[in-house]
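Counting in the working numbering, the sequence shown runs from 257 upward without gaps.
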Amino acid sequence: MTDLFATIDDDIITQMRALIEVLKKHNHAYYVLDNPTITDGEYDALRQQLVQLESQYPSLVQADSPVQTVGGEPLPFFTQVMHDIPMLSLGNVFDGEDLANFLRRANERLEQVVPEYEMELKLDGLAVSLKYQYGVFVQAITRGDGQTGEDITHNVRTIRNLPQVLPACQDIELLEVRGEVLMPKAGFEKLNRDSQAKGEKGFANPRNAAAGSLRQLNPAIAAARPLAFFGYSVNQGLPDDIETQSKAMAWLGQLGFETSPFAVARNQQQIQAYYDKVVQTREQLPFEIDGLVVKVNDLSLQQRLGFLSREPRWATAYKFAAQTVPTRLLDVEWQVGRTGTLTPVGKLEPVNVGGVTVSNVTLHNFGEIGRLGVMIGDMVSVHRAGDVIPKVSSVLPELRPADAKPIILPSHCPVCQSPVSLPEGEALARCTGGLICAAQQKEALIHFVSRRAMDIDGLGGQWLVKFFEMGLIQTVADIYELHTQADHLMTLEGLGEKSVAKMLAAIEQSKQTTLPRFIFALGIRGVGESTALNLAQTFGEFEQIRQADLPSLLAVADVGEITAQMIHDFFRAEHNMVVVNKLLAAGISWQTMSVPQDLPLSGQTWVVTGTLASMGRDEAKEKLLALGAKVAGSVSAKTTKVLAGEKAGSKLDKAVSLGVDIIDETAFLAMLEQSTL
Ligand code: IVH
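Following this line, the structure appears as structure tokens:
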């Protein structure tokens, strides 16, 4: 029995030690080096794990746990100053339940009194204590370790929105105002743009930019940085008639200090409503915040509540759901896509990221696994911003368990068992089964009927997949045989005579198509819509494309060596030709494309990039096509001209490096006008 307990304790201690070491490392990177390697959200989530273990096993709490100390070591080269009153930290709550607990505890302690709460934004900068003697600014100290901070008066004095003199306070011997020094987002972005232009590294986020600026010995540097001070408390010298935090904030405002916006709430619902509103509008704020601070409004009640170790019982930080959170990678499954690519899908220990539970995450491709250096069993950071699909942003190798397993690319396709190939130096692994692979067949069918391909609307949705799973259709050619099974289809649940007739009519109608759509619908690897269009325009006839040799394929705009080879191979594979012939025999047809020779831009290949003010990119492409040009998706030596709109990026760079002609929108519009004369 005792042995068993000893093992559990050892286990917990090992887990605690691992978390402590990681937190210490990140504390140092954050507080001392001003160069964090993980986001605040990740840090909070790791810290929270330790908090939880400590509250579950209080007897095992480690003496050096960062949860028990306030982070940050003062730098040696600034004068160290003791705080008159320690500068402590805030506890965190992350959801309604945590908040309810915090409020309940405060209410219980106050017995008869029902306190009012004051809410402020939790500004993401760094805490500073300011001293004014008889209304004159004399000293600024960082929080440091909470007891002793560093004298940064020379830097803080340069902050433009900081009042240097408070005429209304000339009778107050000592006024201490605490608040946050931060760098507004716009200033931060400009600073980083400027430093990147100079080839310097820039700062990871505005908080670090602010901290880095204040930790300079030379005040000229801070003076050149767009810093701002926001007051959030008066710790000494507050006039006696100011009895609440909200009045203290209003007073700071009257004295000329910038403060966070603040509001007062009577209960949890009102706090929650304010929080929800702030979550909605957070992006529009000119500075970064990471939550709300909820404070008991009455200052005498604050006194009564006091502190629990290093955190006030009268205030807490109601943090926003982290956009990046660590969790464990439990396993990896491989999904097979339309063109046979094997996509690794990470199975995660479910975790709430920015309010959404995430349990699957794409790892993109085998190359990405190598880049991340991730193993099964690893703690990984999962990131999600706005509507973006969650992704693994990094691995926390310090927390790798001893039994972590490497992620191995399967040698055979999990769907059809054909061998998997991963060409040397490539990131994408593929099933070599082609159309005999059920996964690829299914995806190929979905692609074939899609709107921009054969556009068989009536077959979209569930039915196509259902028919495939029932064995009614295997290849795209079978779609045009479905009419022979009309009677059977009508017996299926959910399908009546009318809907079957409609479906078959849509299939029949799709036979009238265009050559580019048909080529695109075949789902040849590397052949997207624009390549399909270029092939159709270059060769004019399907037979010509199907028989084209490599050199003539390579001559097509937008077709490089790999794509040329794939088109070539597609039309040489027997099983593909059986399907194509069946499609043609079923009556799929199109009007012959004329290959225009005598239009103004005949023989030219254009690339359109960036944002155009007067039209969309598609419209510009259509205009170019109408003038006889081919339009390619990427810039190469074959490109005749690049039309570059606003914010053009890598394509423009490439055009410059290849010496390709570039024209802007104004010149393009002038050209259009001329050519229609
Ligand atoms: S009040 C006893 N109000 O959050 C501590 N803090 O995690 C009272 N912070 O060190 C702090 N905005 O740097 C307070 N409106 C606000 C704040 C705020 C940001 C920071 C501050 C503090 C940290 C605690």
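Glycine included, each C-beta is placed from N, C-alpha and C at the ideal position.
In the structure shown, what three-state DSSP assignment does residue i receive?
i: residue 829; result: coil
i: residue 507; result: helix
i: residue 687; result: strand
i: residue 500; result: strand
i: residue 518; result: strand
i: residue 891; result: coil
i: residue 284; result: helix
i: residue 372; result: coil
i: residue 587; result: strand
i: residue 330; result: Residue placement at residue 330 is flagged as unreliable, the pLDDT there being 49, under the threshold of 50; the coordinate-derived value follows with that caveat. Here residue 330 sits in coil by DSSP.
i: residue 658; result: coil
i: residue 533; result: helix
i: residue 430; result: strand
State yes or no: is the C-beta of residue i nearer than 6 angstroms to some heavy atom of ligand 2?
i: residue 488; result: Ligands present in the displayed structure are limited to ligand 1, and ligand 2 is not among them.
Taking all protein chains shown into account, do 16 or more other C-beta atoms lie within 10 angstroms of the C-beta of residue i, making it buried, or fewer, making it exposed?
i: residue 734; result: buried
i: residue 406; result: buried
i: residue 272; result: buried
i: residue 301; result: buried
i: residue 363; result: exposed
i: residue 282; result: buried
i: residue 897; result: buried
i: residue 829; result: exposed
i: residue 705; result: buried
i: residue 787; result: buried
i: residue 462; result: buried
i: residue 430; result: exposed
i: residue 333; result: exposed
i: residue 523; result: exposed
i: residue 766; result: buried
i: residue 474; result: exposed
i: residue 803; result: exposed
Is there at least one non-hydrogen atom of ligand 1 closer than 6 angstroms to the beta-carbon of residue i?
i: residue 436; result: yes
i: residue 484; result: no
i: residue 503; result: no
i: residue 494; result: no
i: residue 457; result: no
i: residue 345; result: yes
i: residue 376; result: yes
i: residue 677; result: no
i: residue 466; result: no
i: residue 478; result: no
i: residue 516; result: yes
i: residue 379; result: yes
i: residue 383; result: yes
On a CA-only basis, which of the options is nearest residue i? Give me that one, please.
i: residue 640; options: 398, 613, 630, 629; result: 613
i: residue 862; options: 729, 907, 847; result: 907
i: residue 464; options: 455, 438, 764; result: 438
i: residue 497; options: 394, 875, 556, 647; result: 556
i: residue 202; options: 565, 812, 832; result: The shown model of the chain, from 257 to 933, leaves out residue 202, and the question about it has no answer.
i: residue 511; options: 375, 486, 522; result: 486
i: residue 755; options: 777, 719, 771; result: 719
i: residue 269; options: 452, 285, 314, 393; result: 314
i: residue 673; options: 682, 596, 408, 886; result: 596
i: residue 572; options: 348, 683, 740, 746; result: 348
i: residue 529; options: 266, 548, 817; result: 548
i: residue 340; options: 493, 763, 762; result: 493
i: residue 565; options: 805, 345, 574, 292; result: 345
Straight-line CA distance for residue i to residue j?
i: residue 296; j: residue 404; result: 24 angstroms
i: residue 321; j: residue 298; result: 18 angstroms
i: residue 917; j: residue 784; result: 25 angstroms
i: residue 826; j: residue 775; result: 11 angstroms
i: residue 868; j: residue 876; result: 9 angstroms
i: residue 768; j: residue 621; result: 38 angstroms
i: residue 536; j: residue 837; result: 56 angstroms
i: residue 419; j: residue 310; result: 43 angstroms
i: residue 904; j: residue 773; result: 29 angstroms
i: residue 731; j: residue 815; result: 27 angstroms
i: residue 479; j: residue 538; result: 28 angstroms
i: residue 889; j: residue 873; result: 11 angstroms
i: residue 913; j: residue 798; result: 36 angstroms
i: residue 744; j: residue 584; result: 48 angstroms
i: residue 823; j: residue 780; result: 6 angstroms
i: residue 709; j: residue 616; result: 30 angstroms
Is the CB of residue i under 7 angstroms away from at least one CB in chain D?
i: residue 307; result: In the structure shown, chain D does not exist; there is a single protein chain.
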